[in-house]
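Numbering (the working numbering), first residue to last: 4 to 307.
Glycine residues also receive a C-beta, built at the ideal position from the N, C-alpha and C atoms.
Note that the structure is a prediction, hence the values are computed from the model and not measured.
In what follows, a structure is listed as structure tokens, so that the remarks can point back to it.
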Amino acid sequence: MAYKAFIYVCCKLPVVNKLAIELRLRLTMGSRRREIEKAFENINAKGVPLFSRVELETQNRCNGVCSFCPANKNADTRSYAKMTEELYEKIIGELHELNYSGGLSLFCNNEPFLDTRLEAFAKIARERLPKARIEIFSNGTILKLERFIEIIPFLDLLVIDNYNDSLKWHEPVKVLREYIKQNPELKSKVNIRMRKASAIMSTRGGQAPNNNKKKTLPISCLLPFYHMVIRPDGKISLCCNDALGKYTLGDVSKQSLKDIWHGEIYSDVREKIKEGRDTIDLCKYCDSYANTAMLHLAGSGRNW
């Protein structure tokens, strides 16, 4: 109660407002640290659960210019890559064999609708992974109504982030908003958000073009314990913050997902991140905490 009262009073007084924010951050950090430490205790007792979230890029390009993203079209240094249909089917087939019931994101650091095969890929995933939660995040700039109507039955969630510093809707997004108004049953699986392209967000592992904050958080991260990111060539990135694919933890074109997940490279990353963020270059200035709920999901069923 005393803490809440302090925040309320401080928010009325600009002179000490920063103190209130700092206190809130410290309390949040302490709570998250305890959660992560408890999760590590559980992992030490039971072992590392199978991943509960897979992010899959079928091509590695974005048409956006968001200044917070190291993979925006003006900053991206990656060589262009496009996943083959054979590799995609191999990945989905392995997830099927695992009876996978976690999250499957058909995007990562890209604009997924630049791939004209996305609807077909989503259909394959839905048919073979009936228990998975299939999601797509898009900037909506090239998402025509026809494509939306074709793909939405296969998705559990479609998030459209309308990035515009003038806070104006892009024309394709306007059309989609009107269509959803006319079909309100879609509101449960479509989330359209207005956002600024120049917003200062997370550091993206210290790589965000507009956020060069250099601070190492005194807290570990759970991403390597439930999260797998697959690049178009089948190589596995460190995490979603490894936007440019600087790290490779395995290659699903040559190995199985399960072997990669429980392999030596992933295991070494997990041991290092337990010791602290400064043990891995990309983690040193990253401000992602990860999500303990996703780790609990990973260990809640057959996938452990």
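Look at residue i and residue j and say whether their C-beta atoms are less than 8 angstroms apart.
i, j, result
"Ile203", "Arg180", "no"
"Ser70", "Ser201", "yes"
"Leu241", "Leu285", "yes"
"Gly105", "Val57", "yes"
"Ile283", "Ile263", "no"
"Ala135", "Leu107", "yes"
"Ile183", "Lys177", "no"
Give the straight-line distance between the Cα atoms of residue i and residue j, rounded to the nearest whole angstrom.
i, j, result
"Pro156", "Glu89", "24 angstroms"
"Tyr103", "Ile276", "26 angstroms"
"Asn63", "Cys111", "8 angstroms"
"Arg81", "Ala74", "8 angstroms"
"Pro2", "Asn165", "Residue 2 is absent from the structure shown; the chain starts at 4 and stops at 307."
"Met197", "Phe54", "31 angstroms"
"Phe116", "Ala48", "42 angstroms"
"His230", "Val193", "23 angstroms"
"Leu59", "Trp172", "28 angstroms"
"Gly266", "Lys287", "23 angstroms"
"Gly253", "Glu130", "27 angstroms"
"Asn113", "Ser34", "33 angstroms"
"Lys218", "Glu278", "17 angstroms"
"Leu3", "Ser141", "Examination of residue 3 is not possible in this model, given that the chain is present from 4 through 307 alone."
"Asn186", "Asn167", "25 angstroms"
"Glu44", "Asp271", "17 angstroms"
"Glu40", "Tyr250", "25 angstroms"
"Ser291", "Met32", "11 angstroms"
"Asn215", "Ile268", "28 angstroms"
"Glu188", "Ala246", "34 angstroms"
So who's on the other strand from residue i, going by DSSP bridges?
i, result
"Asp164", "Arg196"
"Gln62", "Lys85"
"Lys238", "Asp254"
"Ile233", "Leu59 and Ile239"
"Ser141", "Ile163"
"Gly105", "DSSP lists no partner for Gly105."
"Arg136", "Gly106"
CB-CB under 7 angstroms to residue i, same chain, minus the five flanking residues each way: which ones, in chain order?
i, result
"Cys289", "Thr206, Gly208, Gly209, Asn244 and Arg280"
"Val68", "Asn75, Lys76, Asn77 and Ala200"
"Lys147", "Pro175"
"Phe151", "Leu179"
Which same chain residues, not among the five before or five after residue i, have their C-beta less than 6 angstroms away from its C-beta?
i, result
"Arg120", "none"
"Leu260", "Glu97"
"Leu101", "none"
"Asp118", "Thr61 and Gln62"
"Ser256", "Leu90 and Gly237"
"Lys85", "Gln62 and Pro235"
"Ile154", "Glu122 and Ala125"
"Ala211", "Phe71"
Exposed or buried, which one is residue i when buried takes at least 16 other CB atoms within 10 Å?
i, result
"Thr61", "buried"
"Gly143", "buried"
"Tyr83", "exposed"
"Asn66", "exposed"
"Ile145", "exposed"
Spatial neighbours of residue i within its chain, please: CB distance less than 8 angstroms, with the 5 preceding and 5 following residues excluded, ordered by chain position.
i, result
"Ile127", "Tyr91, Glu92 and Ile95"
"Leu109", "Leu59, Thr61, Pro115, Leu121, Phe124, Ala125, Ala128, Ile137, Glu138 and Ile139"
"Arg273", "Val51, Pro227 and Phe228"
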